[in-house]
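Add 1 to a position in the sequence shown, counting from 1, and you land on the number used in this note's numbering.
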Amino acid sequence: MNLEKRFLQIKQILIEHRSLLEKEVLEQYPNSPSPYTNWAQELLALSSSDLIQLENTLNTPKSLSEDYQNLLKKIKGLTELPKPAIKTKKMAQNFARKISLKKRHEIELINSQLTQLTCDNFIDIGSGAGHLSSFLLQNNSKTSTCLDKEKAYQDIGKKKLQRYHPEILKRINFVTADFQDIKNISCHQETTVIGLHACGALSKYIIDFYLNSEANYLLNYGCCFHKMKTNDFNLSTLAKSQPLMLTNHELTMAAKSYKNISQATFEQREKVKLYRYVLHMYLYDHFKSGFTSIGNTHNSDYQKDFAHYAKKYSLQLKQHDSKKLNFFFQTKKDLAKLYIRLGIIRSHFSRLIEIYLILDRALYLKENQTHVSVTETFDRKISPRNLSLMAYKF
Ligand SMILES: C[S@@+](CC[C@H](N)C(=O)[O-])C[C@H]1O[C@@H](n2cnc3c(N)ncnc32)[C@H](O)[C@@H]1O
């Protein structure tokens, strides 16, 4: 894959659709952005199973207009990344204690990714309990430094190793610290620097640490992109020329992207959004209110009428007439459904934003004299933050 070409193609499409992406569709109310509103009308005619299929695969139903189908094909092509077939060694049951199925899947794959490297030492940053390092140190004489700012996580890992694998514990150096306060960690050429789901800016700090270190190898998986500040991305020269200043909304889209949606999730989301959207419309129409957060709601809220929900979650509406609120709901629910469909169109771009951020990191590494590869490794249904960024020095 030509990283530069793919990066620029993604950047271009994100720029073209900026007006849809930079804020939540509900914040556009009462405006309805073109051409997306016509496409959203087309989505209203699709069944829930067709919509789920569209969201999960970006495969285009024939009933959609040609320009919408073309956009979907383009996005699908740009989100396709190499998916190497990786044969994994399964974690033994006795080792898998206290490790979730998701984590097991990730660790098994990473173990296989790293077996090819001439590496005898790891620096595992944001290591949590150190489950990954523990597995990487099984049946060999390798060593690892596991750094995390949360002592409680590390204590879980230490306790488990002390009880079941004391020999591995001797080869792990647990360091409790904020990585930003760390000036130096000893390493050598045959060290791999790892950041598995290194949240927000931590991935950038890890990349800079790797570039300034002796270590030959890097393996990084990012997550929680919404925790980044503006100078934590657009690192590469290609990104810096006319940088795309992604908003927190767009970074949040990236952080949540590529999850496989089930029928149950879809139906629950429809109910939640319908009430939420009509509530915003009411507040906007009557008080010119901007978008406000209402906090967490409960499943039972959606078994009662709209008035009950509106009064519970908006102090302003406590004394309002229930009949009037329910009448408003009846008059606005179709428009709210249209906005929910606009949200589906917007979500088609989520994975592209994530790939933009990962390719930017890859190009930055490449500019700094390393070989890089970006691949899709974990099974999306188990772990959707599945983009592997690997680097080694010339
Ligand atoms: C999403 S968890 C991933 C944990 C582990 N790598 C895994 O995949 O199971 C991110 C971890 O990074 C740690 N972390 C985040 N920022 C950090 C920082 N600046 N310095 C040290 N640790 C940090 C958190 O405490 C947390 O344990």
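Using N, Cα and C, we set each Cβ at its ideal position, and we do this for glycine too. Note that this is a predicted model, so its numbers are computed, not measured.
query	result
Closer than 7 Å to a non-hydrogen atom of ligand 1 - does that hold for the CB of residue 109?	no
Within this structure, are the beta carbons of residue 377 and residue 387 separated by less than 8 Å?	yes
Identify, in the order they occur along the chain, each residue of the same chain with its Cβ nearer than 7 Å to the Cβ of residue 307, setting aside the five sequence neighbours on each side.	276, 279, 326, 327, 330
In whole angstroms, what is the alpha-carbon distance linking residue 238 and residue 206?	18 Å
Should residue 203 go down as buried or exposed, given a rule of 16 or more other Cβ atoms within 10 Å for buried?	buried
Just checking my contact of residue 138 with residue 169 at CB under 8 Å: how many whole Å lie between their CB atoms?	5 Å
How many Å lie between residue 332 and residue 41 at the Cα?	19 Å
For residue 414, which of 343, 394, 385, 379 has the nearest alpha-carbon?	No information on residue 414 is available, as it lies outside the stretch 2 to 395 that the chain covers here.
Indicate the three-state DSSP secondary structure (helix, strand or coil) for residue 149 in the structure shown.	strand
Please find out if some non-hydrogen atom of ligand 1 comes closer than 7 Å to the beta-carbon of residue 145.	no
Between which two residues does the alpha helix (DSSP H) containing residue 273 stretch?	264-288
On the DSSP bridge list, what partners appear for residue 224?	200
In or out: residue 390 buried (at least 16 other Cβ within 10 Å) or exposed?	buried
Could you give the residue range of the beta strand (DSSP E) that holds residue 327?	Looking at the DSSP string, residue 327 is not in any beta strand (DSSP E); the run it does join, the alpha helix (DSSP H), is 323-348.
Enumerate in chain order the residues of its own chain whose CB-to-CB distance from residue 189 is below 6 Å, with the five nearest sequence positions on each side excluded.	215
So residue 118 packs on residue 218, CB below 8 Å; how close in whole Å?	5 Å
According to DSSP, simplified to helix, strand and coil, what is residue 240?	helix
May I ask you to report which of helix, strand or coil DSSP gives residue 57?	helix
Any heavy atom of ligand 1 closer than 7 Å to the Cβ of residue 128?	yes
Could you check what DSSP says for residue 219 in three-state terms: helix, strand or coil?	strand
Suppose contacts are defined by Cβ-Cβ distances below 8 Å. Is residue 255 in contact with residue 226 by that definition?	yes
Ignore the nearest five residues each way along the sequence and tell me which others in residue 212's own chain have a CB closer than 8 Å to its CB.	366, 369, 371
Report the rounded CA-to-CA distance for residue 235 versus residue 94, giving the unit in angstroms.	42 Å
Quick one: grab the DSSP three-state call for residue 394.	strand
Decide if residue 122 is buried, meaning its Cβ has at least 16 other Cβ atoms within 10 Å, or exposed.	buried
Pick from 10, 271, 26, 337: whose alpha carbon is nearest that of residue 52?	271
Residue 179 to residue 196, Cα distance in whole Å?	14 Å
Have a look at residue 385 and residue 260 and give me their C-alpha separation to the nearest angstrom.	6 Å
Confirm, please, whether the CB-CB distance from residue 22 to residue 292 is below 8 Å.	no
Determine the DSSP secondary structure at residue 157, reduced to helix, strand or coil.	helix
Looking only at C-alpha atoms, which of 316, 313, 336, 309 sits nearest to residue 323?	309
What do you reckon, is the C-beta of residue 115 under 7 Å from a heavy atom of ligand 1?	no
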